[in-house]
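Notes for the one structure printed next.
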Amino acid sequence: MPGRICIITSIAVLLIIPSVVLGCGFHPNLWCSSPEISEQCGVQKQCLLWQSEQKAADAPLVRYELYFESLCPGCRQLLTTELYPAWQKVKSIVNVTLVPYGNAIELEVAGKWQYTCQHGPQECVGNLVETCALSILPFDKAFPFIYCLETNNPATAGSQCAKELGLLSEYPSIQNCSEGSMGNALEHSMALKTEALNPPHEYVPWVVLNGAHTNAIQNQAETDSLGLICQAYTGVKPAGCTQEGRMRSPRD
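Rendered as structure tokens:
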């Protein structure tokens, strides 16, 4: 694959600066193989551009995990005012994982899980709806749906949010999941993810970035998730990371 890319790049250089080939003496596949050859062939700028594009393509996505519960005020604030707007701007460089469970407690009774949630039964309902949405919908539809729930009432706004986002055909499956055995089992998987945290979570919201949780990560996540993601990305920064991009509304 790198060879094909190099050939394509070389052809592009030929079209732009055909005169370089005449005195080069190297096959196009070798033009970017060393600084000396690229200089001799007069394609230093083109090779630097190609190499930067390769670096961007090879850079791993930032992994941002949010452990939360649906009616926790701090969780709702972080998700709606920090993480969601950041994701809209730089979704190409970040892999977001949402885990709706938080400080809930589960107890297995007669083969099913019973959940007790910090902010009452309605929070458990919201957690289940969001967990089912994450399972049934692709993430680029599930996250806007969860954002809508969190800006309203996660336990009761499902049909309203589905209508606003054009998800009415998918919503019955989400509702059935949240009220049945499928949702019960899926929420148990969220409990297992939360309980497996190392270090264990001490509060919610709880943010893990690239597998690590620190006070510095948590503090910046709560005040500047966009900056946190952009700083962690090792490739070429997208437009959303620039000062102009940071100031622009994601919907512009």
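If you use mature numbering (1 follows the signal peptide of the UniProt record, and there is no 0), the sequence shown corresponds to residues -23 to -1, 1 to 229, in order. Each residue gets a CB set at the ideal place from its N, CA and C atoms; glycine is no exception.
Assigned with DSSP and collapsed to three states, LEU84 falls in strand. Taking one beta carbon from each stretch, the segment 173 to 183 and the segment 33 to 46 have 3 or more pairs nearer than 8 Å; the two touch. In the three-state reduction of the DSSP assignment, VAL181 falls in the coil class. DSSP places LYS214 outside both helix and strand once states are collapsed to three, so it counts as coil.
With contacts defined by Cβ atoms closer than 7 Å, MET167 and VAL73 do not form a contacting pair. If you look at LYS89, you'll find it in the beta strand (DSSP E) that goes 89 to 93.
By the Cβ test, the segment 93 to 103 is not in contact with the segment 57 to 65, since fewer than three Cβ pairs between them sit closer than 8 Å. Runs of the alpha helix (DSSP H) spanning 4 or more residues and lying entirely within the segment 120 to 177 occur at 135 to 141, 148 to 156 and 158 to 172, in chain order. For GLU42, the enclosing beta strand (DSSP E) covers residues 39 to 45.
Around the beta-carbon of VAL106, 16 or more other beta-carbon atoms lie within 10 Å, marking it buried.
Comparing alpha-carbon positions, the option among LEU205, ASP117, GLU59 and GLN54 lying closest to ASN187 turns out to be LEU205. One thing to note: CYS24 has its Cβ within 7 Å of the Cβ of CYS9. Excluding residues up to 5 positions away in sequence, nothing lies with its Cβ nearer than 7 Å to the Cβ of LYS140 in the same chain. Beta-bridge pairing by DSSP links ALA189 to LEU186. Comparing C-alpha distances from LEU84 to each of VAL213, PRO215 and LEU169 shows the shortest one belongs to LEU169.
DSSP, reduced to helix, strand and coil, places LEU75 within a strand of the structure shown. Around the beta carbon of SER47, 16 or more other beta carbons lie within 10 angstroms, which makes this residue buried. Around the beta carbon of HIS190, 16 or more other beta carbons sit within 10 angstroms, so the residue counts as buried. Between LEU55 and TYR124 the beta-carbon gap is near 12 Å, outside 8 Å, which marks them as no contact.
Boundaries of the alpha helix (DSSP H) harbouring CYS101: 98 to 113, taken from the DSSP string. Judged by DSSP in its simplified three-state form, VAL20 adopts coil rather than helix or strand.
One thing to note: ILE151 has its Cβ within 7 Å of the Cβ of ILE113.
Just measuring C-alpha positions, the residue of THR133, LYS68, VAL20 and ASP35 sitting nearest CYS218 is LYS68. Straight-line spacing of the CA atoms in PRO5 and VAL20 works out to 10 Å.
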